[in-house]
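Chemist:
Residue numbers (the numbering used here): 181 to 533.
1) Assuming residue 510 is part of the beta strand (DSSP E), what are its boundary residues?
2) Quick check on the DSSP output: the beta strand (DSSP E) that includes residue 227 runs from which residue to which?
3) Decide yes or no for the touch test of the stretch 323–330 against the stretch 345–361: beta carbon pairs closer than 8 Å, at least 3 of them.
4) Could you please give me the residues that DSSP links to residue 265 through a beta bridge?
5) Tell me where the beta strand (DSSP E) around residue 238 begins and ends.
6) Since residue 149 and residue 408 are thought to touch, with beta carbons under 8 Å apart, how far apart are those beta carbons, to the nearest angstrom?
7) If you reduce the DSSP assignment to three classes, tell me which class residue 475 lands in.
8) Can you tell me whether residue 519 is buried or exposed, with buried defined as 16 or more other CB within 10 angstroms of its CB?
9) Can you tell me whether residue 393 is helix, strand or coil according to DSSP?
10) Roughly how many whole angstroms lie between the Cα atoms of residue 447 and residue 281?
11) Distance, Cα to Cα, residue 428 vs residue 516?
12) DSSP state of residue 413, grouped into three classes?
13) Which class does residue 358 belong to by DSSP, given the choice of helix, strand or coil?
14) Could you have a look at residue 380 and say whether DSSP puts it in helix, strand or coil?
15) Quick check: what's the CA-CA separation for residue 288 versus residue 302?
16) Are there three or more Cβ pairs, one per stretch, closer than 8 Å when the stretch 349–356 is compared with the stretch 259–274?
17) Nearest-angstrom Cα distance between residue 324 and residue 317?
18) If I follow the unbroken beta strand (DSSP E) through residue 441, where does it start and stop?
19) Span of the beta strand (DSSP E) holding residue 402?
20) Report the option in 467, 502, 480 whose CA atom is closest to the CA atom of residue 494.
21) Run the CB neighbour count on residue 378, radius 10 Å, all protein chains shown included, and call it buried at 16 or more, exposed below.
22) Rounded to a whole number of angstroms, what is the C-alpha to C-alpha distance between residue 314 and residue 371?
23) Just how far apart, CA to CA, sit residue 510 and residue 501?
24) Using the Cβ count rule (16 or more neighbours within 10 Å means buried), how would you classify residue 482?
25) Determine which residues share a DSSP beta bridge with residue 310 and list them.
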């Protein structure tokens, strides 16, 4: 995939708010495409606030007893790691919907694929799986080499879970959905890695405490390079907003949130639009269902649809078979359809009637 590098250094902004709401040990961050703001979990005060792009904070939820740590927004529910429990909050009001005792010790990182959440247990060194429909849960994987799992993300390119670890020379692990097997996919010289995220080009970002910085890796975990270090202090669970090509870093050490612009993904998407005008989706515009040419789906494992605000809709597919997606719930408008085929990023426009 062609990338055009326009800047040699990241464009960074720092949010340190001193109004009615404050940041107190910010531990996690998650984007809400409904209002364009970010949920920020404050570990010290046990509350969650909403952060606007201009730096304004507003109250959202209080009384998170052991955290909050990882945050994951799925639909209209914000899922919050709270000690041994998983809390479910109303996306708009912050009201508690349910509290699920997971049988864990220290739930920390959280991500999702389809109807399942995957949560790292920092102390027990395990990965929990939580079914969003049935609310049933189980141990999905146990970590290897007694390494402590921390931040976790769903890698939609290789259809796997990827997590970073605490400790010295912290490795990066992947978990297979097929058999829950865990393998080392990257070695680092970093210590105490807390958060991990990935942009739409497949590059990974890892936040570490030793040294205090965010390091950028290629998708194969080669060519590590310092992405951000100025103003970084005990960085926690980072978030890459693919729609805006911005990385947000909550710093639990200095009570700030740092923002850096990457720009490469947006440029890549524009170039891909120019190169991928083949009629592989039908019908387009679509009403209730959209199909894909069978030949185009060879080696494709998942499809992601983005709306104009960056909200994502993930679909699992079977490589090489006829693929039809139910899009009846999507509102009318233009969407971005994204998937990977033979290590090439494919991006198309879909019009929903």
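Glycine included, each C-beta is placed from N, C-alpha and C at the ideal position.
Computed from a predicted model, the values in this text were never measured in an experiment.
Modeler: In this structure, then:
1) Per DSSP, residue 510 belongs to no beta strand (DSSP E) and is neither H nor E.
2) 227–231
3) yes
4) 262, 281
5) 237–241
6) Since the first residue of the chain shown is 181 and the last is 533, residue 149 is not available in this structure.
7) In the displayed model, residue 475 falls within a helix according to three-state DSSP.
8) buried
9) strand
10) Below a pLDDT of 50, predicted positions are generally treated as unreliable, and residue 447, at 42, falls in that range; no measurement from the model is reported.
11) 23 Å
12) It is coil, neither helix nor strand.
13) coil
14) Here residue 380 sits in coil by DSSP.
15) Rounded to whole angstroms, residue 288 to residue 302 spans 6 Å at the Cα level.
16) Not touching, per the Cβ criterion.
17) 21 Å
18) 436–441
19) Per DSSP, residue 402 belongs to no beta strand (DSSP E) and is neither H nor E.
20) 480
21) Classification of residue 378: buried, given that the 10 Å Cβ count is 16 or more.
22) Cα to Cα, residue 314 sits roughly 38 Å from residue 371.
23) 24 Å
24) With 16 or more Cβ atoms within 10 Å of its Cβ, residue 482 is classed as buried.
25) 297, 317
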